[in-house]
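Chains as they are written, first to last, in the numbering used here: chain Y, 1 to 334; chain D, 335 to 668.
2 protein chains.
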Amino acid sequence: MNDTILLAHGSGGKLSRDLVEKTFLPFLSNPVLDKLDDSATFEASGRLALTTDGYVVNPIFFPGGDIGKLAICGTVNDLATSGAKPMYLSLSAIIEEGFSVSELERVMQSIKTAAEEAEVTIITGDTKVVNRGQADKLFITTSGIGTIPAGVDISGSNARVGDKVILSGSIGDHGITIISQREGLKFSMALESDCAPLNKLVAQMLEVSSNLHCLRDPTRGGLAATLNELAQQSNVGIIIEEIKIPVKEEVKAACELLGLDPIHIANEGKMVAIVDPGDADKILAQIKRNKYGKDAVIIGEVTGEYPGKVIMKTKLGPSRIVDMPSGELLPRIC
Amino acid sequence: MNDTILLAHGSGGKLSRDLVEKTFLPFLSNPVLDKLDDSATFEASGRLALTTDGYVVNPIFFPGGDIGKLAICGTVNDLATSGAKPMYLSLSAIIEEGFSVSELERVMQSIKTAAEEAEVTIITGDTKVVNRGQADKLFITTSGIGTIPAGVDISGSNARVGDKVILSGSIGDHGITIISQREGLKFSMALESDCAPLNKLVAQMLEVSSNLHCLRDPTRGGLAATLNELAQQSNVGIIIEEIKIPVKEEVKAACELLGLDPIHIANEGKMVAIVDPGDADKILAQIKRNKYGKDAVIIGEVTGEYPGKVIMKTKLGPSRIVDMPSGELLPRIC
Numbered sequence: 001m002n003d004t005i006l007l008a009h010g011s012g013g014k015l016s017r018d019l020v021e022k023t024f025l026p027f028l029s030n031p032v033l034d035k036l037d038d039s040a041t042f043e044a045s046g047r048l049a050l051t052t053d054g055y056v057v058n059p060i061f062f063p064g065g066d067i068g069k070l071a072i073c074g075t076v077n078d079l080a081t082s083g084a085k086p087m088y089l090s091l092s093a094i095i096e097e098g099f100s101v102s103e104l105e106r107v108m109q110s111i112k113t114a115a116e117e118a119e120v121t122i123i124t125g126d127t128k129v130v131n132r133g134q135a136d137k138l139f140i141t142t143s144g145i146g147t148i149p150a151g152v153d154i155s156g157s158n159a160r161v162g163d164k165v166i167l168s169g170s171i172g173d174h175g176i177t178i179i180s181q182r183e184g185l186k187f188s189m190a191l192e193s194d195c196a197p198l199n200k201l202v203a204q205m206l207e208v209s210s211n212l213h214c215l216r217d218p219t220r221g222g223l224a225a226t227l228n229e230l231a232q233q234s235n236v237g238i239i240i241e242e243i244k245i246p247v248k249e250e251v252k253a254a255c256e257l258l259g260l261d262p263i264h265i266a267n268e269g270k271m272v273a274i275v276d277p278g279d280a281d282k283i284l285a286q287i288k289r290n291k292y293g294k295d296a297v298i299i300g301e302v303t304g305e306y307p308g309k310v311i312m313k314t315k316l317g318p319s320r321i322v323d324m325p326s327g328e329l330l331p332r333i334c
Numbered sequence: 335m336n337d338t339i340l341l342a343h344g345s346g347g348k349l350s351r352d353l354v355e356k357t358f359l360p361f362l363s364n365p366v367l368d369k370l371d372d373s374a375t376f377e378a379s380g381r382l383a384l385t386t387d388g389y390v391v392n393p394i395f396f397p398g399g400d401i402g403k404l405a406i407c408g409t410v411n412d413l414a415t416s417g418a419k420p421m422y423l424s425l426s427a428i429i430e431e432g433f434s435v436s437e438l439e440r441v442m443q444s445i446k447t448a449a450e451e452a453e454v455t456i457i458t459g460d461t462k463v464v465n466r467g468q469a470d471k472l473f474i475t476t477s478g479i480g481t482i483p484a485g486v487d488i489s490g491s492n493a494r495v496g497d498k499v500i501l502s503g504s505i506g507d508h509g510i511t512i513i514s515q516r517e518g519l520k521f522s523m524a525l526e527s528d529c530a531p532l533n534k535l536v537a538q539m540l541e542v543s544s545n546l547h548c549l550r551d552p553t554r555g556g557l558a559a560t561l562n563e564l565a566q567q568s569n570v571g572i573i574i575e576e577i578k579i580p581v582k583e584e585v586k587a588a589c590e591l592l593g594l595d596p597i598h599i600a601n602e603g604k605m606v607a608i609v610d611p612g613d614a615d616k617i618l619a620q621i622k623r624n625k626y627g628k629d630a631v632i633i634g635e636v637t638g639e640y641p642g643k644v645i646m647k648t649k650l651g652p653s654r655i656v657d658m659p660s661g662e663l664l665p666r667i668c
């Protein structure tokens, strides 16, 4: 087989079939996918969650992950934010003519590894190939289906006055890793993307409390965008304390150099939880037992004042409004 | 609002929210989507179908449709090939910086119209923006969920010796429309893409027979690829008669000029059905009652000879093997 992707790999003909059989199925094979029907079938009942996300990260390989791991974790995490147990994923690839088959295999290997960790199965997929210069290497769109346990009702519109705001760990690791790769920032060489599947963390939280009100992973737009979205959806104010928010030294240094604020930087393995105050301590303790939540902390609370706004008590004392980020400093971060 | 898409529309911040609220929701609004949670939830039970497809068609607007209509119809049709009633779709867009907001609105309008015709609801979505020159205008990936009625078991591996092969209408209309746009072929100016949602056609077929064995829409790779896939999946031979296959004059003329074979050309509103011979006539009559099936015809049958092969009795008499198409003559056809 050629070592580069040709337009004919997207033709629907012989080479398309070869690509599926020699490059995708060796990594993703399972009885449903292997049928190669145009749609995959499965049994389900009850309340389900559906999500989709496109991934266009540049570079496609980075410390701590690659576009394949990112796609699986991102979709799994979006399902987990509704309290769903992720079950089945679809995978759609848009590939630039000339992309390397061996790099595609590396991506498939990390998709396999991430899907195994999250215990999800890819049951259907699609591949398109576009002419050289009409896409950049590889774009992946994943969709996911999960089942929501009975009694779970988690939504961005469920925050209540008095609730506590928990953050599962340090912020900015993913975004600063990507920008450091692009800009060649040596001092953040030790930094890795936090890209991780958080579905088991969420399942563990649900084990100890039925009073999780909102969950959201602070990806594009960072913690600032996520908290603003939740404040607006629930029509409440959110007050956070800057000093409580964990930020790694490498992230701080890079942000200072680049004039960025860590609360605007994307994360791919963190969760924001807004929970009943009575259950906050036991939920926090449970999060800290999971390897992806060991640095979790309560960063603030929900207030009846300032509906739709996020207020941060700064390290120096005064409070300031945390706006939705405007403009675009870091394109193709995920 | 600016009339072009900026990188900041993909930032996850203010402009991302603006794009969703001012460009997507006016066309797609419904109670589930409007929640704007990271995943959408719905109730379901029984056997479900999941499918996904990326759309990269060039040009994005063409006679008979555009990339938005194509995405909705393609996903609806892939669900229909399993006998499923399509219910919910997800929509993920990758947009090139500089793309026109008014063109995006045109695409959203046709998504709305196609979704209404097919009676499906878009309940979740995502938008990414990439730098100018890193994608070509607009790529759309849709996934879909459908419910499969009890007792329905349709799969590419279900063809049986003696079954009849029905084709729902003329072939090559979509592919030749696209290539004519690109090449400026004047004589095929009257031709339109056949792009259409076929879920109701399939539902009507299921009303008159429970003996539909295989359904597949002959998209990329055309009728040749679809019949080869079905022959291989079912490990049977398929014999078709060239004289029975409807091909419009414009398609014939363009194929002759370009050295193409209509059976290799993509369709977006046709269905191939392999059905029990006893039910073939009543299924055919039912298909012909639907506006998308009025030119339907039985084109051949399934044989125990030549397992995995497709044989065509040509107009001139002798038979020939119809291979899977090789190479890529028409990139970005869907």
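Where a beta carbon is used, it is the ideal one built from N, C-alpha and C, also for glycine.
Computed from a predicted structure; not experimentally measured.
For Y/Gly-269, not one C-beta of chain D is nearer than 8 Å to its own C-beta.
Relative to the Cα of Y/Asp-194, the nearest Cα in the group Y/Ile-111, Y/Phe-24, Y/Asn-267 and Y/Leu-19 belongs to Y/Asn-267.
For the pair Y/Val-322 and Y/Ala-224, the CB atoms are nearer than the 8 Å cut-off. Its Cα nearest to that of Y/Ile-60, the residue Y/Met-108 stands out among Y/Gly-83, Y/Leu-36 and Y/Met-108. In the DSSP assignment, D/Ser-568 is bridged to no other residue. Of all C-beta pairs linking the region 419-432 of chain D to the region 486-497 of chain D, fewer than three are shorter than 8 Å, placing the two stretches out of contact.
Against D/Gly-388, the close residues of chain Y are Ser-92, Ala-93, Ile-94, Asp-126, Thr-127, Lys-128, Phe-139 and Thr-141, in the order they occur along the chain (beta-carbon pairs closer than 9 Å). Non-local C-beta neighbours of Y/Leu-19 in its own chain, meaning closer than 6 Å and more than five positions away in sequence, comprise His-9, ordered along the chain. Counting only runs of 4 or more residues that sit fully inside the region 49-90 of chain Y, the alpha helix (DSSP H) segments are 67-80, in chain order. DSSP places Y/Ser-100 within a strand segment (E or B) once states are collapsed to three. Y/Ser-45 is bridged by DSSP to D/Ser-379. One Cα belongs to D/Ser-504, the other to D/Gln-566, and the distance between them is close to 24 Å. According to the DSSP assignment, D/His-508 belongs to no beta strand (DSSP E) but to the alpha helix (DSSP H) extending over 507-517. Considering only beta carbons, the part of the region 534-551 of chain D lying closer than 8 Å to chain Y consists of Arg-550 and Asp-551, in chain order.
When the five nearest sequence neighbours on each side are left out, no beta carbon in the same chain lies closer than 7 Å to the beta carbon of D/Glu-453. Here D/Cys-668 is near D/Thr-553, since their CB atoms are less than 8 Å apart.
Within the region 65-86 of chain Y, the residues whose Cβ lies closer than 7 Å to any Cβ of chain D are, in chain order, Asp-78, Leu-79, Thr-81, Ser-82 and Ala-84. Residue state for Y/Thr-4 is assigned as strand, using DSSP reduced to three classes.
In the same chain as Y/Glu-301, and ignoring 5 residues on each side of it, the C-beta atoms closer than 8 Å to its own belong to Gly-162, Asp-163, Lys-164, Val-165, Ile-238, Ile-239 and Pro-277, in chain order. In the three-state scheme derived from DSSP, where H, G and I count as helix and E and B as strand, Y/Val-32 is classed as coil. For the beta strand (DSSP E) assignment, the uninterrupted runs of no fewer than 3 residues enclosed by the region 231-284 of chain Y are, from N- to C-terminal side, 237-241 and 272-275. In this structure, Y/Ala-80 keeps its C-beta atom at 8 Å or more from the C-beta atom of Y/Asn-211. DSSP lists Y/Leu-91 as the bridge partner or partners of Y/Gly-125. Using a CB distance cut-off of 8 Å, D/Pro-641 does not count as an interface residue toward chain Y. The beta carbon of D/Gly-347 falls within 8 Å of a beta carbon belonging to chain Y, placing the residue at that interface.
DSSP places Y/Val-120 outside both helix and strand once states are collapsed to three, so it counts as coil. 8 Å or more divides the Cβ of D/Ile-482 from the Cβ of D/Arg-550. Interface with chain Y (8 Å Cβ-Cβ cutoff): D/Gln-468 is included.
Closer than 8 Å to the CB of Y/Gln-233 there is at least one CB belonging to chain D.
The residues Thr-4, Ile-5, Lys-137 and Leu-138, in chain order, have a CB closer than 7 Å to that of Y/Phe-99 in the same chain once the five nearest residues on each side in sequence are set aside. Checking the DSSP bridge columns, you'll see Y/Gly-300 partnered with Y/Val-165 and Y/Ile-240. Shortest Cα-Cα distance from D/Asn-392 to any of D/Ser-379, D/Asn-465, D/Gln-468 and D/Arg-516 involves D/Arg-516.
D/Thr-481 is bridged by DSSP to D/Leu-382 and D/Lys-419. Within 10 angstroms of the beta-carbon of Y/Pro-197 lie 16 or more other beta-carbons, which makes it buried. Y/Ile-123 reaches chain D at Leu-384, counting residues in chain order whose Cβ is nearer than 8 Å.
Taking 8 Å as the cut-off, the Cβ atoms of D/Ser-514 and D/Leu-384 do not count as close.
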